[in-house]
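Please read the structure below before turning to the comments.
In structure tokens, the structure reads:
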């Protein structure tokens with residue numbers, strides 16, 4: 181299965197595995213799974229790192245290097261990924277509005293590329309997209 185990892189999962193894999201949810205383990209242990217990281221995550225990481233180096237644990241270039249060393253596949257943003265943004269629906273039962281543009285584009289990438297999108301963000305399952313899996 182092709183799996184796109186959310187930014188925080190990528191960071192935890194490479195900097196603090198104790199933060200990884202236990203539900204990630206079966207995905208990691210399945211040899212049939214192919215893990216992907218998005219250029220969106222590298223961009224998001226670099227922006228946050230640049231804003232506050234003391235609070236953010238890793239830069240975008242280091243995360244990219246670690247992902248490559250781990251044998252993960254990179255997924256670049258294609259124009260057609262952004263075309264799906266207006267197809268996303270967000271449940272009105274969500275506890276609060278989700279405003280993260282990085283997450284929305286990651287969902288669109290997974291949707292477009294027929295991937296499972298693994299996240300530990302409790303708001304993302306409210307997008308009513310079958311590709312989103314909260315772990």
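Residue numbers (my numbering): 181 to 315. Where is the CB? At the ideal position from N, CA and C, for every residue including glycine.
In this model, residue 214 and residue 253 are separated by some 8 Å (Cα to Cα). Shown here for residue 219: same chain residues with a beta carbon closer than 6 Å to its own, the five before and five after excluded, namely 256, 257 in chain order.
Taken in chain order, the whole beta strand (DSSP E) runs of length 3 or more contained in the region 245–296 are 253–255. Around the beta carbon of residue 279, a 10 Å sphere encloses fewer than 16 other beta carbons of the protein chains shown; the residue is thus reported as exposed. By the neighbour-count criterion, in which a residue is buried when 16 or more other Cβ atoms sit within 10 angstroms of its Cβ, residue 181 is exposed. Comparing alpha-carbon positions, the option among 259, 190, 297 lying closest to residue 239 turns out to be 190.
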